[in-house]
Every structure is written in C-alpha cells, then in structure tokens.
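In the numbering used here, the protein residues as written are 24 to 370.
Written out as structure tokens, the structure is:
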C-alpha cells in the first residue's frame, strides 16, 4: 500500500508561537510517523499581505527560525521534508491549472480572507489574496496530500481544496486524492492581551523560542477577569485567558482544577494563578529549548534540510503536474502540434 502524505506549513513572517503549536504544530508532530510529511515554507503566500522588499529580505532568516521552531517542537528531520514554496515553479503552474475550477463568489465567501486583508491594513482585497485558497489547493494537491492539519483560520481553505480536487477528478479523471482536514483540539488561542487571537503582528504572543524570563514577564502582564479588583472577589474562569492557557498547557490537571475552584470563590489572587501558569509554560517549553539549542549548534544544518527537501519536493511536484497536464489533455495538444510541424519540416 502506498504511504499516504501529509502537507501543512507556515508563511515565513516570523517565529512560531503557542497559537501555532495548538493550531497545527502539535498535530504535525503527532502525525509525522503515520504520514510521509511535507512542510511548506510558504513565501508565495506571504506575498499576499507582506510583499515589500524588506519583507522579502527577511524570508531567509524567518525560514531558519521557523525550521528551528519545528525541530524544537519535535519534528524529526529524518521524517519530514521542508521545502521553500517559491523555489518550485511547478506549484505556480498547477495554481494556474486549478484557477478555472472555482468561482469568484465562492472565494469571496471564505471568511478568513477579509480578516487577513483588514489585519494587513488593506483597504481593498488584492487579486493574490482572493486567490490564496487556490494557491493553497495547489500546495496540497501538488504532492497529492491526504491529510492537512491546519488551524481554524484555514479550515475553509481546505474545504476549497476538497471542492477543487473533486471538480478536477470529475472533469478529467481520478488524479488527486480528496484531502482530509485534521482539526486541532484547541480551536484557537487568545493572545496575552485578551482581545484577539495570538498574533505576531499584534505583539500578544508567547513564542516557542522565548526564554523562561520572557515567559514570566509576558504571563505577568496577561489580561484576566476585568471585573475582579481584589483577590477576595469571586472571578470568572470561562473566557479568562490565563485559565485558557492553564487548560491548554498545564500538565498538572489537579492544580488547574484547584486554582479554578479557588478563583471562582475569591480565594486566590491573579499573581499566584499567573505564577503557576508561567511555571507550567516553562515546563512545557523547556524540552523545546533543549532541542532547539542542540540543532542550533549544528552549523548549516537548517540550510541543508531546506535545500535537500526542496530538491526532493521538486521531483515529486514535477511528476504530479505532468500527470495533471496529461489528464487535462494539455500535453497531448502540444505534442500533436509539434509532430505535425516536424512532418511538414521534413517535406
């Protein structure tokens, strides 16, 4: 039986944070032994909202940081193939072949696109951003992925991919597997400011590479229950970011239950709750720090991983795009023209 494949990844816009971990990275680590794993460094997707020269100049450094974050989180470089999206031109070719299989109104109904446009400060949505889900479909289908673990923002994108795959197979014959969305246990993680999801651009993130002191400082400044002015005032744990983080990351479940009970009864202060959270997060991140340090000491390792993975992925993608062109009849059209031209040239 052919090994099934998994594809997911990130735009190289900065380091990965706890929101990335719960949204997708935890599933990547868990599933890497079940699937042949491709991890995309999606710099073409980055261009949809960050396309200035200085944005592009930071790609190399951001790629290095994100690969280190993934390795630190537990991705095995012997099992996963990292690749740089823009280095594989056939991805753009497949994107072109798929564009006619989805309508503009369908793409306009993808909710995350408007949010991405607003977050980037764009008054109007660009053509590239509108087509983001189609390029994402090309990413997924170009390696014939069967599983796609992504965060909640990308759920609708994967559904577009599934629709495009079914449409292509209906028109041209069975070519692509219809990929399955792999959901995360934690749908989203609110930022430390309590106002929006965790995000690099909003400066409300705890990064996987943060030091223990950084974590303690950020947790100390976290938003809690705004109506609680003293430790003896009963507080709300539902919707309270500090307790959401406790439930997501604290391995001492008895401590979490005890703190929640005391908080509801007004028998514990925010300082103690936050100190317990900082300790739990540092327990969670300590193994990542150790692995990251080990990989960082190996000069040139990340670059070798990305280059080797990109070359390997290019061979896979070239074959898949050839199969797509053949299924559509595009390769045959040119070959017929070429053979006719050659016959006339010999006369």
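From the three backbone atoms N, C-alpha and C, an ideal C-beta is built for every residue, glycine too.
Remember, predicted model here, so these are calculated numbers, not experimental data.
Residue ranges of each alpha helix (DSSP H) run of no fewer than 4 residues wholly in the region 99 to 160, ordered along the chain?
As far as the region 99 to 160 is concerned, its whole alpha helix (DSSP H) runs of at least 4 residues are 112 to 121, 127 to 131, 134 to 142, 150 to 153.
Just the C-alpha distance for residue 146 and residue 136, rounded to the nearest angstrom, thanks.
Taking the straight line from one Cα to the other gives about 13 Å.
Tell me whether the beta-carbon of residue 173 lies closer than 8 Å to the beta-carbon of residue 156.
Against a cut-off of 8 Å, the Cβ pair of residue 156 and residue 173 comes out as no contact.
Quick check: what's the CA-CA separation for residue 216 versus residue 160?
So the two alpha carbons sit approximately 33 Å from each other.
Please tell me whether, using a cut-off of 7 Å, the distance from the CB of residue 142 to the nearest non-hydrogen atom of the ligand PLP is below it.
Looking for the ligand PLP in the displayed structure turns up nothing, as the structure carries no ligands at all.
Given this structure, state the Cα-to-Cα distance separating residue 164 from residue 334, to the nearest angstrom.
C-alpha separation (whole angstroms): 18 Å.
For the alpha helix (DSSP H) that residue 252 lies in, which residues bound it at each end?
First-last for residue 252: undefined, no H or E at that position.
Figure out for me which residue from 91, 348, 27 has the closest Cα to the Cα of residue 313.
The residue with the shortest Cα to Cα distance from residue 313 is 91.
Work out the CA separation of residue 96 and residue 49 for me, nearest whole Å.
Roughly 8 Å separates the two Cα atoms.
Have a look at the DSSP bridge pairing and note the partners of residue 33.
Answer is 64.
Would you please state the rounded distance, in angstroms, between the beta carbons of residue 350 and residue 198? I believe it to be under 8 Å.
About 5 Å; that satisfies the 8 Å criterion.
Which residue wins for smallest C-alpha separation from residue 167, given the options 43, 296, 201, 222?
Nearest option by C-alpha distance: 201.
For residue 180, count neighbouring C-beta atoms within 10 Å of its own C-beta (all shown protein chains included) and say buried if the count is 16 or more, exposed if not.
With 16 or more Cβ atoms within 10 Å of its Cβ, residue 180 is classed as buried.
Tell me the rounded alpha-carbon separation between residue 331 and residue 338.
Taking the straight line joining both Cα atoms gives about 11 Å.
Helix, strand or coil: which one does DSSP assign to residue 339?
In this structure, residue 339 counts as helix in the three-state DSSP scheme.
Counting only the same chain and skipping the five closest in sequence on each side, list residues whose C-beta sits under 6 Å from that of residue 258.
Within the same chain, residue 258 has close Cβ partners 248, 251, 286.
Whose C-beta lies closer than 8 Å to the C-beta of residue 267 among residues of the same chain, with five residues either side of it excluded?
Answer for residue 267: 212, 213, listed in chain order.
Three-state secondary structure (DSSP) at residue 194?
In the structure shown, residue 194 sits in a helix (DSSP, three-state: H, G or I).
Following the continuous beta strand (DSSP E) through residue 205, name the residue where it begins and the one where it ends.
203 to 205 is the extent of the beta strand (DSSP E) around residue 205.
Report the rounded CA-to-CA distance for residue 94 versus residue 368, giving the unit in angstroms.
Distance between the alpha carbons of residue 94 and residue 368 is about 57 Å.
Between which two residues does the beta strand (DSSP E) holding residue 173 run?
Segment: none, residue 173 is in no beta strand (DSSP E) and carries neither H nor E.
What are the start and end residues of each continuous beta strand (DSSP E) run of 3 or more residues lying completely inside the region 247 to 322, in chain order?
Entirely contained in the region 247 to 322, not one beta strand (DSSP E) run reaches 3 residues.
Would you decide whether residue 360 is buried or exposed? Buried here means 16 or more other CB atoms lie within 10 Å of its CB.
The residue is exposed, with fewer than 16 neighbouring Cβ atoms inside 10 Å.
Please report the straight-line C-alpha distance between residue 226 and residue 52, rounded to a whole angstrom.
The alpha-carbon atoms of residue 226 and residue 52 are separated by roughly 26 Å.
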